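Since the structure comes first, as structure tokens, the remarks are kept for the end.
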Amino acid sequence: DFEVILKRRDGTPYHASLTVAPFTLGTKDTLLTVVQDISEHKRMEERIKHLNQLLHRHRYIWKEKNH
Numbered sequence: 001d002f003e004v005i006l007k008r009r010d011g012t013p014y015h016a017s018l019t020v021a022p023f024t025l026g027t028k029d030t031l032l033t034v035v036q037d038i039s040e041h042k043r044m045e046e047r048i049k050h051l052n053q054l055l056h057r058h059r060y061i062w063k064e065k066n067h
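Quick note: full-length UniProt numbering has the sequence shown finishing at residue 67, numbered continuously throughout.
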């Protein structure tokens with residue numbers, strides 16, 4: 001599995017997770033590729049990171065005021 005940025009048909013980029021697995025179909029060796037849109041997951045990760053930064057900032061300010 002790995003993450004990439006792909007483009008939708010309308011040209012807008014999106015985050016995707018790719019899974020590639022070899023398999024045999026009849027007598028032919030081929031690859032099965034699964035593409036999963038993880039844009040919402042990435043947005044939530046960024047939101048959590050931002051909120052954690054705010055939390056640490058507020059903790060620092062609170063400590064400074066109370067010590």
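Glycine residues also receive a C-beta, built at the ideal position from the N, C-alpha and C atoms.
Just so you know, these numbers come straight off a predicted model, no measurement behind them.
N- and C-terminal bounds of the beta strand (DSSP E) containing residue i
{"i": "ILE5", "result": "2-7"}
Alpha carbon of residue i to alpha carbon of residue j, nearest angstrom
{"i": "ARG57", "j": "TYR14", "result": "31 Å"}
{"i": "PHE2", "j": "ARG59", "result": "36 Å"}
{"i": "ILE5", "j": "LYS65", "result": "44 Å"}
{"i": "PHE23", "j": "ASP29", "result": "6 Å"}
{"i": "LEU32", "j": "GLY26", "result": "14 Å"}
{"i": "ASP10", "j": "TRP62", "result": "47 Å"}
{"i": "ALA21", "j": "VAL35", "result": "12 Å"}
{"i": "ILE48", "j": "SER17", "result": "20 Å"}
{"i": "MET44", "j": "HIS50", "result": "10 Å"}
{"i": "GLN53", "j": "GLU46", "result": "11 Å"}
Contacting residues, own chain, Cβ-Cβ under 8 Å from residue i (five flanking each side not counted)
{"i": "HIS41", "result": "HIS15"}
{"i": "LEU55", "result": "none"}
{"i": "LYS7", "result": "PRO13, TYR14"}
Sequence-distant residues of the same chain with beta carbon closer than 6 Å to residue i, five excluded per side
{"i": "THR19", "result": "ASP1, VAL34"}
At what residue ranges does the UniProt domain "PAC" (1-50) contain a whole run of the beta strand (DSSP E), taking only runs of 3 or more?
2-7, 13-25, 28-37
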